[in-house]
Amino acid sequence: MRDSQRHFNIILGADCLVPKLYPIAPLIDTIDELSGIDTVTYLSFEQRHYTEYDPATEFRRLAAERKLVVEVVPESEMHPMFMADDIQIWSVTRGGDDVRPAEKADTMTATCSRGSSNYHQSLLA
Numbered sequence: 064m065r066d067s068q069r070h071f072n073i074i075l076g077a078d079c080l081v082p083k084l085y086p087i088a089p090l091i092d093t094i095d096e097l098s099g100i101d102t103v104t105y106l107s108f109e110q111r112h113y114t115e116y117d118p119a120t121e122f123r124r125l126a127a128e129r130k131l132v133v134e135v136v137p138e139s140e141m142h143p144m145f146m147a148d149d150i151q152i153w154s155v156t157r158g159g160d161d162v163r164p165a166e167k168a169d170t171m172t173a174t175c176s177r178g179s180s181n182y183h184q185s186l187l188a
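The sequence shown finishes on residue 188 if you use my numbering, and the numbering steps up by one all the way, no holes.
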């Protein structure tokens, strides 16, 4: 059983998905260990060329194995000053039994699962 006292409300990460420097599996393990049912992890992702695999696809595959849901934060929910064309902001939350299977993890939705269209903007502004 997880100790709910050890979970964070928000986890932030930047420049964590660089497979040549940082393996992806330990990042997923850490997010999984520190996340409770209400935790939201925000990661910035810049697509970089990696010859062995696509880091975004691998991240989503490993996340789905842990029942973590990865979504792209829509630009409409971000502050315009902090947007870049080549960088996405992802939210990672703990899912339930309805988490997409790993083979379908290569598609990410741009919907906000918190019920408020301004949820991400209020956290990121």
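Note that the Cβ used here is the ideal one computed from N, Cα and C, for glycine as well.
Spatially closest choice to residue i from the options, by CA coordinates
i    : options                : result
I91  : H112, G76, V136        : G76
F71  : P86, C79, P82, T93     : T93
R113 : K130, I87, P82         : In the sequence under discussion, the amino acid at residue 113 is Tyr, which differs from the Arg named in the question. For Y113, the nearest C-alpha among the options comes from P82.
V155 : M144, P143, S139, A126 : A126
K130 : M146, F145, S98        : S98
I74  : T120, Y116, T104, A147 : T104
E134 : H142, M144, F145, F122 : F122
I152 : D95, E138, G158        : E138
Cβ neighbour criterion (16 or more within 10 Å) applied to residue i
i    : result
V132 : buried
I87  : buried
A119 : buried
R111 : exposed
D115 : Reading off the sequence, residue 115 comes out as Glu, not Asp. E115 comes out exposed.
DSSP three-state assignment for residue i, whether helix, strand or coil
i    : result
D101 : strand
P82  : coil
E140 : helix
D117 : coil
R16  : The displayed coordinates of the chain run from 64 to 188. Any statement about residue 16 would go beyond what the structure contains.
For residue i: DSSP bridge partner residues
i    : result
F108 : Q151
L75  : Y105
E134 : S154
Residue i beta carbon near the ligand NAD (any heavy atom closer than 7 angstroms)
i    : result
F122 : This structure does not include the ligand NAD; it has no bound ligands of any sort.
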